[in-house]
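Each residue of the sequence shown is one higher than the last, beginning at 1418 in my numbering.
By construction, the Cβ of each residue, glycine as well, lies at the ideal position given by its N, Cα and C atoms.
Scroll down for the structure; my scribbles are underneath it.
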Amino acid sequence: MPNVSGIAASAGIAIARAFILEHPDYSVEKRSITDVDAEIAKLEAALEKSEAELQAIKARTLQELGEKKAEIFESHLLILNDPELIDPVKSKISDEKVNAEFALEETAATFIQMFENMKSAYLQERAADMRDVTKRVLGHLLGLQVVNPAEISEEVIVLAEDLTPSDTAQLNRKYVLGFATNIGGRTSHSAIMARSLEIPAVVGTKEVLTQAKNGDLIIVDGLDGHVLINPEDSVVEEYKSKQAAYAAQVAEWRKLRDEPTVTVDGVHVELAANIGTPNDVAGVLENGGEGVGLYRTEFLYMGRDKLPSEDVQYNAYKTVLEKMEGKPVVVRTLDIGGDKELPYLDLPKEMNPFLGFRAVRLCLDRQDIFRTQLRALLRASVHGNLRIMFPMIATLGEFREAKAILLEEKEKLVAEGTQVSDSIQLGIMVEIPSTAVLADQFAKEVDFFSIGTNDLIQYTMAADRMNERVSYLYQPYNPSILRLIKMVIDAAHREGRWVGMCGEMAGDATAIPLLLGLGLDEFSMSATSILPARSQLTKLSQADMKELAAKALDMQTAEQVVELVQSIEQ
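Structure below.
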């Protein structure tokens, strides 16, 4: 019984027969042509068919998964209609007298290589989108019979080298019980879509296709990241029990949706969610979120060819605030830079963008962009409980300058007769060690802190979390990180301020007891992590966790801290 390991990308257990999704051979040969007009007409026909298919996939995705996931296919349509791609293909056909499929593949390959060589993860993803669109058009040019995942009509586990966004969006949840791929990671399109579809998935197995064949019995363990091929009956029964236990666990968590998050000794903490678009609010409410702890506004700016207008932003912020019905919404101002770029801003390339011209540094320099966002936020503030947070603050001077600009825009709006809330809390993300060390001084001027552990950890450990060779240094439980967190929380509480956390650590089952013991007031995480976290917290005593945290602070290594947490009964 082969047991293939990979990355647990979407939780759950699935058991069914293998359906290997093999993409056809897209190999292209260069051919000379004589009828240029006929070749260009062939290209245009393939583009039209591809557009019709993408519009249909987009409509289905919008209906089943919402606007955010449908945006993937809007970007595919933009690529398909981009003259910067199509015009060079037509020129190559007419100038070099070559066949359309060769001209398309050669031109697209140039763009794909350009995107893949860029440091930005966002732009690297555009390479995958370009490849997906190119294959779709090539399929029509070559007359290939492409398997449509939407046509699967029996219960299966889909196995593939990778699943494109198009593939994943077309998976019918009634029949596709799970999937496993050779490549991919937790943040790949296929993994994100799998979580939205609530289909168990394991990605990055490297060898599932060489180990399995069509019709094999497959178990996908999306909890532990295993794929079992043709398991014995006893193993199948074991996993059916595990599947039932997980379903029962999910049902138990669901019962906590409308319950407060209160510890054994009566301490209430707030469980909030991180969101990227207004459509994500539904997931927050379905999972019992008590607020939005981080609204990443950069997604409003990405995937478009120009800056969003004040009204576009106002409508997005208003929608979120209204949907949350008075529950707190922490909006982070534009955090572009590092691994998130806006091509239309044409910013200079930097040796180390994570430590460069990004977030509030960019906003203070480009005040036209910053002021537009602040005006939109201020106008929306009357529609709910708005809290505004500035990212990447390193000095008190930066916070004071950002606050002054906010107050200037508020004055202008009031003078214009526009209503603005007088109860907007103003805070900062603590993600730079200098800010954590000086938290006692910041706490005198801000209304709240939100600790961004994703960056705080990599900056403190001087280790790029995207670099596999130093990833071992990305240590959330390192005592040095815990001490910085304690420093921030203690400083805030002395001034009567509250502290949240919006990094991945806030939803981490190992970190939660420590954070409770350190006195964290608000835990913000992915919406699907809220109910498991609530279940865990309601079984803990903050008094006991204070003792646990005190011991952890005196330890020497992250490994010792993990062992300490694992030694307590939860």
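Legend entry - Whole-angstrom distance between Phe1940 and Met1846, CA atom to CA atom: Going from the Cα of Met1846 to the Cα of Phe1940 covers about 14 angstroms.
Inset, instruction - Would you grab the beta carbon distance between Pro1500 and Thr1524 for me? Rounded to a whole angstrom, and I think it's under 8 angstroms. - result: Incorrect: roughly 12 angstroms between the Cβ atoms, too far for contact.
Inset, instruction - Would you kindly work out how many angstroms separate the C-alpha atoms of Glu1439 and Glu1468, rounded to a whole number? - result: If I take the Cα positions, the gap works out to 22 angstroms.
Legend entry - Residue nearest to Val1799 in terms of C-alpha spacing, selected from Leu1558, Ser1840 and Ala1969: Across the set Leu1558, Ser1840 and Ala1969, the C-alpha of Ser1840 shows the shortest separation from the C-alpha of Val1799.
Legend entry - Which listed residue (Leu1762, Gln1730, Arg1911 and Gly1706) has its alpha carbon closest to that of Arg1796: Arg1796 has its Cα closest to that of Gln1730, out of Leu1762, Gln1730, Arg1911 and Gly1706.
Inset, instruction - Only counting runs of 4 or more residues, tell me where the alpha helix (DSSP H) segments fall wholly within the segment 1708-1768, in order along the chain. - result: Complete alpha helix (DSSP H) runs here, min 4: 1727-1740.
Inset, instruction - List the residues that DSSP assigns as beta-bridge partners of Ala1473. - result: Bridge partners of Ala1473 according to DSSP: none are assigned.
Inset, instruction - Look up Gly1556 in the DSSP assignment and say whether it is helix, strand or coil. - result: Here Gly1556 sits in helix by DSSP.
Inset, instruction - Report yes if the CB atom of Gln1959 is closer than 8 angstroms to the CB atom of Gly1934, and no otherwise. - result: At a Cβ-Cβ threshold of 8 angstroms, Gln1959 and Gly1934 count as neighbours.
Inset, instruction - Express the C-alpha separation of Ile1424 and Leu1433 in angstroms, rounding to a whole number. - result: With the sequence shown as reference, residue 1433 is identified as Ala, and Leu is not the correct amino acid for it. If you take the alpha carbons of Ala1433 and Ile1424, they lie about 19 angstroms apart.
Legend entry - beta strand (DSSP E) runs contained entirely in the segment 1444-1518, provided each spans 3 or more residues: Whole beta strand (DSSP E) segments, 3+ residues: zero.
Inset, instruction - Using 10 angstroms around the beta-carbon of Met1918, count the other beta-carbons present and answer buried if the total reaches 16, otherwise exposed. - result: Buried is the call here.
Legend entry - Residue burial classification, Pro1760 (beta-carbon count within 10 angstroms, cutoff 16): Pro1760 comes out exposed.
Legend entry - Gly1595 burial status per 10 Å Cβ neighbour count (16 or more: buried): A residue is called buried when at least 16 other Cβ atoms come within 10 angstroms of its Cβ; Gly1595 meets this threshold and is buried.
Inset, instruction - Select from Ala1926, Lys1861, Lys1657 and Ala1853 the residue whose C-alpha is nearest the C-alpha of Ile1898. - result: When each option's Cα is compared against that of Ile1898, the closest is Ala1853.
Inset, instruction - Give the single residue among Ala1545, Met1719, Phe1807 and Ala1428 whose Cα lies nearest to the Cα of Thr1644. - result: Just to set this straight, residue 1644 is Val in the shown sequence, not Thr. Measuring C-alpha to C-alpha distances from Val1644 to each of Ala1545, Met1719, Phe1807 and Ala1428 identifies Ala1428 as the nearest.
Inset, instruction - Tell whether a beta-carbon distance below 8 angstroms holds between Val1653 and Ile1616. - result: Cβ distance not < 8 angstroms, so Val1653 and Ile1616 don't count as in contact.
Inset, instruction - State whether the segment 1905-1912 contacts the segment 1855-1870, with contact taken as three or more CB pairs (one from each stretch) at a distance under 8 angstroms. - result: In this structure the segment 1905-1912 lies against the segment 1855-1870, because at least three pairs of beta carbons, one per stretch, are closer than 8 angstroms.
Inset, instruction - Starting from Gly1917, follow the beta strand (DSSP E) in both directions and report where the run begins and ends. - result: Trp1915 to Met1918 is the span of the beta strand (DSSP E), which, as asked, contains Gly1917.
Legend entry - Stretch-stretch touch, CB-based, cutoff 8 angstroms, three pairs: the segment 1735-1743 with the segment 1804-1819: Segment contact: the segment 1735-1743 against the segment 1804-1819, fewer than three CB-CB distances shorter than 8 angstroms; contact not assigned.
Legend entry - Spatial distance of Asn1769 from Thr1835 (CA atoms): Near 42 angstroms, if we compare the C-alpha coordinates of Thr1835 and Asn1769.
Legend entry - Own chain, CB closer than 8 angstroms to Lys1573, minus 5 neighbours either side, in chain order: It is Val, not Lys, that sits at residue 1573 in the sequence shown. For Val1573, where only same-chain residues beyond five positions count, the Cβ hits under 8 angstroms are Ala1433, Arg1434, Ala1435, Phe1436, Tyr1592, Val1593 and Leu1594.
Inset, instruction - Using alpha carbons as the reference points, say which of Cys1780, Thr1974, Ser1943 and Ala1966 lies closest to Tyr1891. - result: Per the Cα distances, Thr1974.
Inset, instruction - Could you check if Asp1763 is buried or exposed, using at least 16 other CB atoms within 10 Å of its CB as the buried criterion? - result: By the beta-carbon neighbour count (other beta carbons within 10 angstroms, threshold 16), Asp1763 is exposed.
Inset, instruction - Going by CA-CA distance only, name the one from Glu1833, Glu1815 and Lys1735 that's closest to Gln1790. - result: Nearest C-alpha to Gln1790 among Glu1833, Glu1815 and Lys1735: Lys1735.
Inset, instruction - Identify whether Phe1774 lies in helix, strand or coil by the three-state DSSP scheme. - result: Looking at Phe1774 - three-state DSSP - the assignment turns out to be coil, as it is neither helix nor strand.
Legend entry - Residues near Pro1419 by beta carbon distance below 7 angstroms, same chain, minus five either side: Cβ neighbours of Pro1419 beyond the five flanking positions: Gln1628 and Ile1646.
Inset, instruction - Would you identify the three-state DSSP class for Gln1842, choosing helix, strand or coil? - result: Strand at Gln1842.
Inset, instruction - Answer with buried or exposed for Lys1623, where buried requires no fewer than 16 other C-beta atoms within 10 angstroms of its C-beta. - result: By the neighbour-count rule (16 or more Cβ atoms within 10 Å), Lys1623 is not buried but exposed.
Legend entry - Neighbourhood of Lys1466 by C-beta, 6 angstroms cutoff - its chain only, sequence neighbours within 5 removed: Answer for Lys1466: His1557, listed in chain order.
Inset, instruction - Report the residue from Asp1785, Leu1781, Val1748 and Val1837 whose alpha carbon sits nearest the alpha carbon of Arg1804. - result: Restricting attention to Asp1785, Leu1781, Val1748 and Val1837, the CA atom closest to the CA of Arg1804 is found in Val1748.
Inset, instruction - Give the DSSP-derived three-state secondary structure of Asn1647 in the structure shown. - result: In the structure shown, Asn1647 falls within a coil segment according to DSSP collapsed to helix, strand and coil.
Inset, instruction - Compute the distance between the beta-carbons of Ala1665 and Ala1426, then report whether it is under 8 angstroms. - result: No; because the gap between Cβ atoms is not below 8 angstroms, this pair is not in contact.
Inset, instruction - Below 8 angstroms CB to CB, which residues in the same chain sit around Lys1514 once its five sequence neighbours on both sides are set aside? - result: The beta carbon of Lys1514 is closer than 8 angstroms to those of Ser1449, Ile1450, Thr1451 and Val1453 in its chain, skipping five residues each way along the sequence.
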